[in-house]
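Working notes, structure below.
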Amino acid sequence: MGSMGRVKTALIGNHAVAYAVKMARVKFIAAYPITPQTIIVEKLAEMVEKGELEAEFVNVESEFAALSATMGAAMAGARAFTATSSHGLLYMYEMIWWAAGARVPFVMAVANRAIGPPWNIHTDHNDILTMRDSGWIISMAENVQETFDLIIQSYRIAEDQRVLLPVAVGLEGFILSHTAEYIELPDQWDVDSFLPSRDPDKPYRFKAGERYTVGGLGSDENYMMLKIAAEKAMINAEQVINEVDRDFGKIFGREYGGLVERYKVDDAKYLVISTGSWSGTIKQAVDILRDEGYPVGLLRLRFIRPFPSMDISKNISGVRGVIVFDRDISLGRGGIIASETQPYVGESSSFWGVVAGLGGVDVSSREFADVIKMFISEHESNGFSRRDLLFYMNGEVFEL
Amino acid sequence: MSVKVRLDQIPKEKYSLPGNAACPGCPHMIGLKIVGKAFRGEATLVIPAGCSSIVPGYHPYTSLDMRVIHVPFASAPAVATGISRALKIRGEDIGPVIVWAGDGATFDIGFATLSGSAVRNEDIIYIVSDNEAYMNTGVQASGSTMYGARTTTTPILGKKDRRKEIDLIMLMHKIPYVATASIAYPLDFYEKLLKASKIKGFRFIHLFSPCPPGWRFDDSKTVEIARLAVETGAWILFEYAEGKLTISPPSRIYADKSKRKPLREYLELQGRFKGISEEDLKIIEEMIDENWRVLETLSKIYS
Ligand SMILES: Cc1ncc(C[n+]2csc(CCOP(=O)(O)OP(=O)(O)O)c2C)c(N)n1
Ligand code: SF4
Chain A
0 MGSMGRVKTA LIGNHAVAYA VKMARVKFIA AYPITPQTII VEKLAEMVEK GELEAEFVNV
60 ESEFAALSAT MGAAMAGARA FTATSSHGLL YMYEMIWWAA GARVPFVMAV ANRAIGPPWN
120 IHTDHNDILT MRDSGWIISM AENVQETFDL IIQSYRIAED QRVLLPVAVG LEGFILSHTA
180 EYIELPDQWD VDSFLPSRDP DKPYRFKAGE RYTVGGLGSD ENYMMLKIAA EKAMINAEQV
240 INEVDRDFGK IFGREYGGLV ERYKVDDAKY LVISTGSWSG TIKQAVDILR DEGYPVGLLR
300 LRFIRPFPSM DISKNISGVR GVIVFDRDIS LGRGGIIASE TQPYVGESSS FWGVVAGLGG
360 VDVSSREFAD VIKMFISEHE SNGFSRRDLL FYMNGEVFEL
Chain B
0 MSVKVRLDQI PKEKYSLPGN AACPGCPHMI GLKIVGKAFR GEATLVIPAG CSSIVPGYHP
60 YTSLDMRVIH VPFASAPAVA TGISRALKIR GEDIGPVIVW AGDGATFDIG FATLSGSAVR
120 NEDIIYIVSD NEAYMNTGVQ ASGSTMYGAR TTTTPILGKK DRRKEIDLIM LMHKIPYVAT
180 ASIAYPLDFY EKLLKASKIK GFRFIHLFSP CPPGWRFDDS KTVEIARLAV ETGAWILFEY
240 AEGKLTISPP SRIYADKSKR KPLREYLELQ GRFKGISEED LKIIEEMIDE NWRVLETLSK
300 IYS
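Which chain is which? The protein sequence lines are A and B, in order. All letters in the first sequence, in the order written, are residues 0 to 399 by numbering that gives the first Met the number 0. All letters in the second sequence, in the order written, are residues 0 to 302 by numbering that gives the first Met the number 0.
Right under this line is the structure:
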């Protein structure tokens with residue numbers, strides 16, 4: 000019945016975020032500009048000033064304040080939102096840990112951008128990946144539709160009593176943030192039935208007569224217990240994310256697969272693993288390779304935290320080889336997703352970790368196909384190939 | 000709108016409980032005791048890093064019978080912004096949202112969030128309990144530390160930078176309420192808290208809080224030192240509200256310099272000024288005179 004109100008419209012990713020925030024009936028927004036995120040908060044400001052969105056909108060003095068204020072609002076029971084990117088995210092860093100440690104449920108969009116020097120406004124996943132160990136749930140969108148959908152899904156996940164953790168939604172700078180795609184905007188009624196309004200008293204009760212302390216001094220054991228409880232919440236989140244995605248599918252007709260999306264994985268002998276928007280490009284590469292007879296599939300990580308360990312090990316068992324493309328690097332260790340995936344790759348399977356596309360360097364579907372083909376041919380001629388850290392740029396695969 | 004309180008009107012109930020982890024003679028606990036009574040425990044305190052993060056005690060115990068949110072050092076005014084806005088959305092009146100911060104948090108690391116929240120006129124009472132140094136980390140100089148004072152980061156020569164005039168800076172943010180207070184004048188502080196709570200918007204109260212180990216005086220003398228600061232004119236109690244700036248009653252007579260006790264009497268009790276040079280003493284005295292001139296002029300402008 001709700002489908003009557005669905006509209007197809009062309010939106011850039013940043014506007015999709017703003018519309019999703021509006022439809023999620025967010026009540027508190029903190030804004031601080033940084034390219035390529037800025038348009039998100041500008042659009043929200045416009046919605047609030049026009050009276051289309053009834054929310055407290057605060058122009059804060061820094062990203063540090065943006066996250067602090069968002070955390071405060073969410074602590075006191077409001078559905079809250081902020082957005083940032085790159086240097087802004089790093090400037091928030093202390094609060095990132097505090098928000099997760101205090102188990103405050105809200106959503107932050109991260110328009111992924113490289114971290115200088117040199118100054119570079121183009122995409123890279125390293126910014127959002129600095130949040131890895133903090134206790135945030137971290138997701139990455141593939142396209143504008145999914146960006147919209149993830150924001151809506153994330154409030155359900157964050158506010159689930161089994162989870163109660165903040166969620167970061169990554170959308171790649173310019174590639175998603177500034178590119179218009181046709182997307183389906185749902186009916187408000189459907190969003191409301193999918194996303195009930197927030198219980199303002201969970202996890203904290205701000206009520207007259209209620210006295211308590213949050214974040215005070217505790218014993219070492221106390222600290223460790225809270226970390227263990229947060230890890231438990233992360234484990235719960237795996238189930239919640241899958242449930243939420245299935246429920247979303249029932250109402251909106253789009254289901255993504257939970258923590259991972261499987262693209263031509265069933266009969267694949269070689270598996271590509273990636274996250275973010277270039278997964279769309281890799282899907283094209285998979286299609287090219289399929290046409291040429293290569294049994295290749297793609298496992299796209301929709302979530303980096305919790306890390307989809309189960310999905311990965313399930314899907315890669317028995318394949319001949321796994322190749323991971325990282326648009327990030329942990330200097331001194333290599334591609335982050337490659338290093339996190341590696342433990343699940345069987346001894347006899349080939350494995351390549353390829354770092355590419357840093358700072359927005361483009362990789363086309365043809366180039367992806369070529370690298371994957373090199374991987375397959377090295378496996379097939381040698382029977383086995385293991386390279387933890389390769390780089391790819393402008394037609395060349397190289398090792399240091 | 001004046002708020003006059005008699006001693007017997009102050010609640011007997013305690014909201015800052017005995018058995019906390021503060022040093023003997025801790026001024027923060029004196030201040031928190033008054034805050035608790037003023038709002039009968041119905042306040043939400045947002046406390047950044049500092050002694051006040053530690054002294055309430057260890058989980059599951061606490062000596063503060065109020066809602067207390069401990070937050071990172073620089074973040075308190077911004078967190079309070081979010082809390083206050085969320086409470087507005089909820090339409091619930093559960094007492095004021097109060098930032099209770101040290102001078103390090105206020106003058107230095109949290110200055111941007113303080114200023115940002117003030118210009119947005121957030122509905123917050125901001126109290127800086129000023130012990131003129133970073134006490135929790137062991138007495139390092141802050142933007143509030145008095146000229147000439149020795150701290151562990153100004154160990155031999157004493158501090159050579161002037162202190163930041165935070166009250167004047169806050170006044171120029173054009174917020175509705177700015178006041179100074181002192182733990183030695185609990186009724187004055189209590190009245191200012193009540194008055195502030197009746198005003199909407201950003202309210203700033205600068206509480207004078209001498210710290211025994213940090214200033215190196217005997218822990219029985221906290222209140223005496225705080226009173227001497229007023230009696231020597233070194234600490235001026237004033238209030239800016241409803242567009243008017245007035246010197247508060249306990250300080251009024253000290254506008255007349257001849258009525259003030261000698262500055263030396265105040266400084267001599269403090270180990271941090273031991274052996275201070277005549278020259279530095281003169282500089283401090285000049286600073287105090289200048290503060291009086293500024294405040295008296297402002298009281299004429301905002302009259
Ligand atoms: C970002 C950050 N830097 C440094 C510290 C260490 N630290 C904790 S409390 C404190 C000093 C607090 O001084 P002040 O605000 O004057 O409060 P007081 O302890 O004197 O009450 C410092 C430096 C911290 N907690 N966070
Ligand atoms: S160092 Fe000073 S401010 Fe800190 S607890 Fe001790 S007396 Fe109180």
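Every residue gets a Cβ at the ideal spot worked out from N, C-alpha and C, and that includes glycine. Note that the coordinates shown come from a computational prediction; the quantities given were computed from them, not determined experimentally.
In its chain, beyond the 5 residues on either side, W351 have a beta carbon closer than 6 Å to the beta carbon of R386 (chain A). Between Y262 (chain A) and I375 (chain A), the C-beta gap is not smaller than 7 Å, which leaves the two residues out of contact. At least one C-beta of chain A is nearer than 7 Å to the C-beta of H69 (chain B). Within the segment 53-68 of chain B, the residues whose Cβ lies closer than 8 Å to any Cβ of chain A are, in chain order, I53, P55, G56, Y57, H58, T61, L63, D64, M65, R66, V67, I68. In the DSSP assignment, H14 (chain A) falls within the alpha helix (DSSP H) that extends over 12-22. For W135 (chain A), the three-state secondary structure derived from DSSP is coil.
For the 7 Å CB-CB criterion, A54 (chain A) and V40 (chain A) do not form a contact. Pairing I124 (chain B) with A195 (chain B) gives a Cβ-Cβ distance under 7 Å.
Interface residue (Cβ-Cβ distance to chain B less than 7 Å): K26 (chain A) is classified as such. L298 (chain A): member of the beta strand (DSSP E) spanning 295-300, first to last residue. N393 (chain A) has a beta carbon lying at 7 Å or more from every beta carbon in chain B.
Interface flag for T81 (chain A) against chain B is unset, since no Cβ pair is found closer than 7 Å. Burial state of L194 (chain A) is buried, judged by a 10 Å Cβ sphere holding 16 or more other Cβ atoms. Proximity of W97 (chain A) to chain B, defined by a Cβ-Cβ separation below 7 Å, is satisfied. Within the segment 23-47 of chain B, contact with chain A at the beta-carbon level (separation under 8 Å) is assigned to G40, E41, T43, V45. Looking at the backbone, the Cα of P294 (chain A) and that of L288 (chain A) are separated by about 8 Å. Between T152 (chain B) and E121 (chain B), the gap from beta carbon to beta carbon reaches 7 Å or more. Note that the C-beta distance between V362 (chain A) and A368 (chain A) is not below 7 Å. For W277 (chain A), the enclosing alpha helix (DSSP H) covers residues 277-290. Between ligand 1 and the CB of T136 (chain B), the shortest heavy atom gap is smaller than 6 Å.
Per the Cβ contact rule, the segment 65-82 of chain B is in contact with the segment 32-49 of chain B (3 or more Cβ pairs under 8 Å). Put simply, the segment 123-131 of chain A does not touch the segment 225-234 of chain A. Fewer than three CB pairs are less than 8 Å apart. When the beta-carbon positions are compared, L175 (chain A) and G12 (chain A) come within less than 7 Å of each other. For R202 (chain B), there are no C-beta contacts with chain A under 8 Å, since the nearest C-beta of that chain is about 18 Å from it.
Assignment of beta strand (DSSP E) within the segment 172-225 of chain B, counting only whole runs of 3 or more residues, yields 176-181, 201-207 in chain order. With respect to chain B, the C-beta atom of T129 (chain A) has no partner C-beta closer than 7 Å.
C-alpha of V16 (chain A) to C-alpha of F147 (chain A): approximately 5 Å in a straight line. Around L86 (chain B), the beta-carbon contacts reaching into chain A at under 7 Å are A75, F205. Short of 6 Å from the beta carbon of D217 (chain B), and not among the five residues preceding or following it, lies no beta carbon of its own chain. A Cβ of chain A is located within less than 7 Å of the beta carbon of G81 (chain B). Residues of chain A with a Cβ closer than 7 Å to the Cβ of G142 (chain B) do not exist; the shortest Cβ-Cβ separation is about 18 Å. As far as DSSP is concerned, E264 (chain B) takes part in no beta bridge. One thing to note: G169 (chain A) has its Cβ no nearer than 7 Å to the Cβ of M130 (chain A).
Look at I93 (chain B): its C-beta is under 7 Å from a C-beta on chain A.
Of all alpha-carbon atoms in B:P175, B:K173, B:S208, B:S219, the one lying nearest the alpha-carbon of P185 (chain B) is that of B:S208. Counting along the chain, W351 (chain A) sits inside the beta strand (DSSP E) bounded by residues 349-355.
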